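What follows is a single structure, written as structure tokens, with notes after it.
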Ligand SMILES: NC(=O)c1ccc[n+]([C@@H]2O[C@H](COP(=O)([O-])OP(=O)(O)OC[C@H]3O[C@@H](n4cnc5c(N)ncnc54)[C@H](OP(=O)(O)O)[C@@H]3O)[C@@H](O)[C@H]2O)c1
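Residue numbers (the working numbering): 10 to 345.
In structure tokens, the structure reads:
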């Protein structure tokens, strides 16, 4: 079978297409023919060795997010059968309940080998069935970005109809947050670097778009749009450089979910006190969250927004495209 490895962590140009024997499928394990994988911002950090959440082994098979078809099951497997359409969960060890540090050491394409391969073996507990209406390319976008957005909006104080959600930028997590919030009957205010991208998110149901380049004090705009009250949820993917403005956008008692670190800067604890918001860091989500999310995706027939699909021999171009940040939604690799 063909698969990619990162021999070192000095950049995605080092990605190497290589060959290996088909992995054996032991007791409790499942062999999956991977059909598609998707990229996350995290994968750029993994490729350059800057990913902070786990130790990165050499010769890592990259990417956490993929979907495919079960081709073989080991002894004792009951959760799936050959022919089932499945995706791997981001942290292979986090089934439900609170996240514990050990779960982070089971993250695909980080602590352990990922899914950029024609075949991959999973423990049967590390898989979920994918929604019937999704293609493999669409389902491959779910394990990290979608589950993170789901956890942000439904993991602590579930978003309510009529509430307002603020999303930052138009990358993978933020577009899923827009889709889930919209399906839940919430109003969505989106920010972006680009007016063209804001047109796209308005067409997907965002009520308002704010260009953070032309409105550097965008929290004032958010306050104006909410009659001074502030939003109920902020899906905070920006990090230290945006957090103060996200806090300034949230209502007292609202939830600011800390997700990403797209920017650098200093965080003033007084800004957190002053906002009265709940600041909640998250790390993707559990299998239980993934399964709950899939039920909602099926019910509302939500279709992940794919920006571009690359071939299996175009993986470096896919990374370059993600790094260029012209995308809206997800960047996918088809595994033929
Ligand atoms: N904690 C977790 O579990 C978790 C899970 C997933 C992702 N993350 C993190 O969340 C972040 C987003 O991940 P992703 O995979 O969704 O990224 P992505 O698809 O690469 O999206 C990045 C987008 O963010 C926007 N952006 C860049 N700088 C911004 C800024 N200063 N303010 C607002 N938006 C900005 C840009 O969109 P526009 O051009 O439209 O502004 C850019 O295209 C990353 O830091 C990632 O590591 C964390």
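Every residue gets a Cβ at the ideal spot worked out from N, C-alpha and C, and that includes glycine. Here the structure is a predicted model, which is why all the values come from computation and not from measurement.
Next item on the list: Just mark residue 84 as buried or exposed, buried being the case when its beta carbon has 16 or more other beta carbons within 10 Å.
Entry: exposed
Check: Just to check, is the beta-carbon of residue 203 closer than 7 Å to a non-hydrogen atom of ligand 1?
Finding: Within the cutoff, so yes.
Note to self: Would you say the beta carbon of residue 319 is closer than 7 Å to some non-hydrogen atom of ligand 1?
What the structure shows: no
Notebook entry, point to check: Got a sec, what are the start and stop residues for the alpha helix (DSSP H) residue 181 sits in?
Noted result: 181-192
Checklist line | First and last residue of the uninterrupted alpha helix (DSSP H) at residue 295 | finding: Element bounds for residue 295: n/a, residue is neither H nor E.
Check: Sorted by chain position, which residues of the same chain lie with C-beta nearer than 6 Å to residue 100's C-beta, five sequence neighbours on each side aside?
Finding: 112, 115 and 116
Check: From the DSSP output, which residues share a beta bridge with residue 131?
Finding: The beta-bridge partner set that DSSP reports for residue 131 consists of 39.
Notebook entry, point to check: When the Cα atoms are used, what is the spatial distance from residue 161 to residue 28?
Noted result: Taking the straight line joining both Cα atoms gives about 39 Å.
Check: At which residues does the alpha helix (DSSP H) containing residue 311 begin and terminate?
Finding: No alpha helix (DSSP H) holds residue 311; DSSP gives it neither H nor E.
Next item on the list: Report the rounded CA-to-CA distance for residue 104 versus residue 297, giving the unit in angstroms.
Entry: 6 Å
Notebook entry, point to check: At a cut-off of 7 Å, is residue 183 close to ligand 1 when judged by its beta-carbon and the heavy atoms of the ligand?
Noted result: yes
Next item on the list: Can you tell me which of the three DSSP states residue 330 falls into?
Entry: DSSP, reduced to helix, strand and coil, places residue 330 within a helical segment of the structure shown.
Next item on the list: Answer yes or no: the CB of residue 21 versus the heavy atoms of ligand 1, is any distance below 7 Å?
Entry: no
Item checked: Cβ neighbours of residue 259 in the same chain (closer than 7 Å, five flanking residues each side left out) -> The residues are 239, 240, 243, 265, 284 and 286.
Notebook entry, point to check: Within the present structure, is the beta-carbon of residue 51 separated from the nearest heavy atom of ligand 1 by less than 7 Å?
Noted result: yes
Next item on the list: Could you tell me if the beta carbon of residue 272 falls within a distance shorter than 7 Å of some heavy atom in ligand 1?
Entry: yes
Note to self: Using 8 Å as the threshold, is the C-beta distance between residue 337 and residue 318 below it?
What the structure shows: No, Cβ-Cβ distance for residue 337 and residue 318 is not below 8 Å.
Check: Based on Cα-Cα distance, which residue from 155, 230, 177 and 251 lies nearest to residue 304?
Finding: Nearest C-alpha to residue 304: 155.
Margin query: Does residue 322 pass the burial test, meaning 16 or more other C-beta atoms within 10 Å, or should it be called exposed?
Written below: Classification for residue 322: exposed.
Check: Helix, strand or coil for residue 49 per DSSP?
Finding: coil
Next item on the list: Determine the direct distance from the alpha carbon of residue 19 to that of residue 326, and round the result to whole angstroms.
Entry: 16 Å
Check: Whole-angstrom Cβ separation of residue 272 and residue 290, contact assumed at under 8 Å?
Finding: Not confirmed; about 16 Å, so no contact.
Item checked: For residue 97: DSSP bridge partner residues -> 136
Item checked: Where residue 64 falls, given that 16 or more other Cβ within 10 Å makes a residue buried -> exposed
Note to self: For a quick check, are the C-beta atoms of residue 124 and residue 164 less than 8 Å apart?
What the structure shows: The Cβ atoms of residue 124 and residue 164 do not sit closer than 8 Å to each other.
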